[in-house]
Each structure stands twice: as structure tokens, then as C-alpha cells.
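**Q** Pasting in a structure now, in C-alpha cells, and then I'll have a few things to ask.
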Amino acid sequence: MDLFRRILHGGEVPFTPIPGTFPEPQTQQETQTQRRDGSEQEETSRPTTRRTILSRRTIAMMVLQLPLVILHYIMSFMITMVSLIKPLYALQGFYKRKSMRTSDGKSRLNNLLELLSNESERTLNSEDSGLTTYSFGSLYSLENGSFCQDIVQGSYTDLLNACSEQCKFAMIYLHDSLLDNSTEYVNGLLCTEQFTTLIKKYQILLWFSDVSTSEGLQVANALKVRQFPFLGLLSLKAENKIELFGRMEGSLTQYKANFLENMLGKAYSKLLQIRQQRQNNALQQLIREQQDNRYNESLSADQRRERERATQRDTMNQAIEQARLKMLWLLWRKSTLAPEPSSDSGIPTCKVAIRADSGERVIRRFDASLPIEEIYAFVELQRTPNTLDAEESQNTGAPPRGYHHQYEFTLVSPVPRKELEPSTVIHDETAIFPSGTIIIENVNRD
């Protein structure tokens, strides 16, 4: 190592000796070199030979030093690149592990079930156990397993909600793949005929998890699990309270064959009481809802009838008011109706024969300088009983306020047929001036 340092620094000592250190013993080669240098110094008569020797040493040192310098810079560059790439690689690994941790629960559950199925088959092939009746995949596969509908694919909270809403038993299985007997519960319990019969009989909800995951570890700590594998049974203790009423942990040899069935049988009567209470509450709620619906329907019918009666009253009142205003208008129009002029009055007159739809015929003269509306008003008064001949009249100079009278008939000249406009002056209508026949035709205003 000292030799490389001497080569890199041109044969000189690369550092200053620490004060108080002992001088290093000189080797035989160094002694000979010093002697040779001393002899060269004494030979002042040969300067050319000494320069030649120094030049050769310098060239040799440069030849040896140059590759080492290049290697030094290459190694420094590689170390610098590694130091730059290492944080990026660590960052990539962090996000990769994060993506694995944040994968959805269904994927984690599917991976766990596939792992249990593979371990179960491998253990069965090596041990050839006679207790296992079914394969794990045929029972608990999420795609086509017999109990795929009973497996809760969500979190532990989803399992508790399903257990509370459906009022069913729930079974928790926590797996630890690091144990030597990790598949003891899988082959010796979960795949047996007795266990599958219990699931079908009591309609148990199933939930699987691995203690290597954060959720599985949290559930194990919450349930105070001491040994694995672990099998727990949950049930409703009250209306909204769930309890762990049965547990199996550690080796199966310490439990009897009917251990689970005894626990489920004892807790089933209490679960039935809660179900019956829920059914009674649901029935009472249904009855109350039906009563409320009938009451609301009856109230709606009464309100609808009341609205109809109010509408009828309003319609009747409006009709009465319209009839009153019409009568006032007729009285006013009677007071403003021009009297029938005589033939020798000296004013142009129009003689018309008015024939009603009933066949009655009325002949009357009208002032030809008035509009045809005068004939309409006469016909309206003629058609209203006890109006034209009545002595009562309302001479206010203006019709009733807020009332607009519409004639419910049309005056028509038969030959040629032509409807007479009320605004046209009588002497401008050749169909009836100086004389003519008018037919009354009813008009439906609806």
C-alpha cells in the first residue's frame, strides 16, 4: 500500500510523520538506494549520467502512475453514480411496496384463498390425510366455490355490519403461514363434512385474513389471539352489539370433534330471539306504515273533495256574478238601444226580417246609420226573457265595470250566405240594406 502511495506522489513520502513517532526501520533495498544516491552525489564529475538515470525513473513512474490515476477516476465516477442511483431505486421500491399494501381487499382475499388452496393440496399430497372430505378451492373459491356467496369480501367492519343487518353467525379465520401447522385448520377442519354441514345449517358468514397484513394483525390484537391458526365465532348479543362467543386457537387436538356444534347450538336460541324481535319490530313498523298510508290517502281524498267543492263554489259564484253582470249589461244596453224609426221619419232605414232557430220571425226597422251591432243587441234582448218588454232599465251611461259581453250567436244573411260583422255600418252591408233576411246561428264559445 505504501508502494502505491509513493508511486502516486512521485516517490516522496505522502504525509508528514506524526511528532513523537519512532522512525521506521529502513529496508535493505532502501539502504542500498541511499548508498547509491550518496555515491552519485559524490560523483560530481558525471552530471550527464545522473540526468539520464533521473529521466528514466521519471518515465517509469509516469508509466506506472497513469493507469492508476485513470482507474482512480473511473472508480470515483462509478461510486458517484451508484450514490445517485441508490435513492431512486429505494424510492421505486417504496412505491412498489406501497402499491402492494394499498391493493384492494378483494385482491388480498383472493391471494390468501389461493395460497390456502395451494398449501392445502401440497399438504394433502405429502400427508394423505383421511379427514379431509372436500378440496379448499371447491368450497371457498370466490369464483365457483360452494360458499362463495357466504364469504364477506370487504373489511372486518363490513363483516360486522353484515352480521348485524342479516342477523347471522359470522366465522373469522386468521392464518399465519410462518407456522409449521399453518394448514392444520384448513385440512383438519375447514374442508371436513362436519364443518361444511354447520355452515349450511346455521348460514354462517365467512371472513378470512392473514396476520401478516395490517388489518389481520389489528383484528388479532382486538380479539386477544394468543396462538395461531385462529377460528372465531361472532353473533349478536343485543340489537346492535356483537360478541365473540366461541374461539379455537392453536392445535386441534385440544378440542373435541363437536366443539363448534355445541357452541353454535347454545347461541342459536338467543339469535332466534333477536330475529323474532326484529321481525316483530319490522311487522309493527309495516303496520304503522300501512296505517299512515291509509290515513294519508283518506286525508288526501278529503282534501281533494274539499278542493273540488271549493272549485264548484267558485265556479258557481263566478257564474252567478257573470249572470248578474250580464243582466246589468242587458239593462244598460236596453237603455241605449235606439227606438225603431218609422218609414216616414226622413232618415234612411233598413227593414230586416229576423228568423230565430225556433222558427219564430220578427220584422223590425233599424236606423241605417248605426252599426250592425245594434241588430245584435236587439236580438240579444229579444232572446232574453222579460228583458226587452221590462220597464226597468239602468241608464248609467256606461256598461258594468269589469264586464265584457260576448254574443253567443252569429247573424247570417242566407242568400248569399254571409256572416254579418257587428262593426259594419248597416247601410254599407248590401246583403241586408235596404231590406233583407237574417238568420240566427248559435255559436259554441267553449
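Residues 936 to 1381, numbered by my numbering, are exactly what the sequence shown covers, in order. By construction, the Cβ of each residue, glycine as well, lies at the ideal position given by its N, Cα and C atoms. Remember, predicted model here, so these are calculated numbers, not experimental data.
Is it right to say V1350 is buried, meaning 16 or more other beta carbons lie within 10 angstroms of its own, or is it exposed?
**A** The residue in question, V1350, is exposed, as its Cβ has fewer than 16 Cβ neighbours within 10 Å.
**Q** Which of the three DSSP states is assigned to N1046 in this structure?
**A** The answer is helix: DSSP assigns N1046 an H, G or I state.
**Q** For I1375 and I1310, what's the separation of their Cα atoms in angstroms?
**A** Each residue's alpha carbon lies about 11 Å from the other.
**Q** Determine whether the beta carbon atoms of L1179 and L1152 lie at a separation below 8 Å.
**A** Contact: no.
**Q** DSSP puts N1377 in a beta bridge; with which residues?
**A** Partner(s): F1344.
**Q** Does the region 1310 to 1324 come close enough to the region 1268 to 1277 to have 3 or more Cβ pairs within less than 8 Å?
**A** Yes, they touch.
**Q** For R1296 and T1345, what's the separation of their Cα atoms in angstroms?
**A** Using only the alpha carbons, I get a separation of about 16 Å.
**Q** Under 7 Å from any heavy atom of the ligand PLP, does the C-beta of L1323 make it?
**A** For the structure depicted, the ligand PLP is absent and the ligand set is empty, with no information on it obtainable.
**Q** Check whether the Cβ atoms of F1194 and L1140 lie closer than 8 Å to each other.
**A** Against a cut-off of 8 Å, the Cβ pair of L1140 and F1194 comes out as no contact.
**Q** Just curious, the beta strand (DSSP E) that Y1108 is in, first and last residue?
**A** Taken as a continuous stretch (DSSP letters only), the beta strand (DSSP E) holding Y1108 covers A1105 to H1110.
**Q** Can you list, in chain order, the residues of its chain with a C-beta nearer than 7 Å to that of L1218? Leave out the 5 residues immediately preceding and following it.
**A** Cβ within range, chain order: n/a, list empty.
**Q** State yes or no: is the C-beta of L1169 within less than 8 Å of the C-beta of M1198?
**A** No; because the gap between Cβ atoms is not below 8 Å, this pair is not in contact.
**Q** Alpha carbon to alpha carbon, what distance is there between R992 and I942?
**A** Confidence is the limiting factor: at I942 the pLDDT is only 48, short of 50, which leaves the residue's position unreliable, though a coordinate-based value still follows. Their Cα atoms are separated by approximately 11 Å.
**Q** Measure the Cβ-Cβ separation of S1117 and H1110 and say whether it is below 8 Å.
**A** Cβ atoms of S1117 and H1110: closer than 8 Å.
**Q** Just tell me which of E1078, F1082 and E1056 has its CA closest to the CA of S1070.
**A** Of the candidates E1078, F1082 and E1056, the one whose C-alpha sits nearest the C-alpha of S1070 is E1056.
**Q** To the nearest angstrom, how far is it from the Cα of D1145 to the Cα of Y1008?
**A** Rounded to whole angstroms, D1145 to Y1008 spans 51 Å at the Cα level.
**Q** Suppose you measure from the CA of Y1108 to the CA of W1142; what does that come to, to the nearest Å?
**A** Y1108 and W1142: Cα-Cα distance of roughly 6 Å.
**Q** Relative to the alpha-carbon of L1355, which residue among K1135, S1293, I1289 and Y1338 has its alpha-carbon at the smallest distance?
**A** Among K1135, S1293, I1289 and Y1338, the Cα nearest to that of L1355 belongs to I1289.
**Q** Quick one, which of G1040, R1352 and H1362 has its alpha-carbon nearest L1305's?
**A** When each option's Cα is compared against that of L1305, the closest is H1362.
**Q** Could you give the distance in angstroms between the alpha-carbon of A1173 and the alpha-carbon of V1121?
**A** Taking the straight line joining both Cα atoms gives about 31 Å.
**Q** Hey, I1307 and P1357: beta-carbon distance below 8 Å or not?
**A** Result yes, Cβ atoms of I1307 and P1357 sit closer than 8 Å.
**Q** Measure how close the beta-carbons of S1081 and E1150 come, nearest whole angstrom, since I'm counting them as under 8 Å.
**A** Rounded, the Cβ-Cβ distance is 25 Å, inconsistent with contact.
**Q** Determine the direct distance from the alpha carbon of V998 to that of T951, and round the result to whole angstroms.
**A** Summary for T951: the model assigns pLDDT 48, below 50, so the residue's position carries little reliability, and this model does not support an answer.
**Q** Determine the direct distance from the alpha carbon of T1132 to that of G1040, and round the result to whole angstroms.
**A** The straight-line gap from Cα to Cα measures roughly 28 Å.
**Q** Closest to R1318 by C-alpha separation, out of D1302, N1377 and R1248, would be which residue?
**A** Measuring from the Cα of R1318, the nearest candidate turns out to be N1377.
**Q** Among residues of its own chain, excluding the 5 on either side of N1086, which ones have a beta-carbon nearer than 6 Å to its beta-carbon?
**A** The sequence given here places Ile at residue 1086; Asn does not occur at that position. Here the set comprises L1141.
**Q** Hey, could you find the ends of the alpha helix (DSSP H) E1184 is sitting in?
**A** First-last for E1184: I1177 to E1184, but that is the beta strand (DSSP E), not the alpha helix (DSSP H).
**Q** Expressed to the nearest angstrom, what Euclidean distance is found between the alpha-carbon atoms of R1043 and E1128?
**A** C-alpha separation (whole angstroms): 27 Å.
**Q** Which class does P1369 belong to by DSSP, given the choice of helix, strand or coil?
**A** In this structure, P1369 counts as coil in the three-state DSSP scheme.
**Q** Mark P1002 as exposed unless 16 or more other C-beta atoms lie within 10 angstroms of its C-beta, in which case mark it buried.
**A** Counting Cβ neighbours within 10 Å, P1002 comes out exposed, since fewer than 16 surround it.
**Q** List the DSSP bridge partners of W1142.
**A** In DSSP, W1142 forms a bridge with I1107.
**Q** Residues in the same chain with beta-carbon distance under 8 Å from Q1088, minus the five sequence neighbours each way, listed in chain order, please.
**A** G1040, K1041, L1044 and L1077, listed in sequence order.
**Q** Considering only C-alpha positions, which residue in the set Q1220, S1280, S1277 and S1112 is nearest to N1046?
**A** When each option's Cα is compared against that of N1046, the closest is S1112.
**Q** Rounded to whole angstroms, what is the Cα-Cα separation between N1216 and N1228?
**A** Distance between the alpha carbons of N1216 and N1228: 18 Å.
**Q** Looking at the secondary structure, which residues open and close the beta strand (DSSP E) in which A1288 lies?
**A** Counting along the chain, the beta strand (DSSP E) containing A1288 begins and ends at T1284 to R1290.
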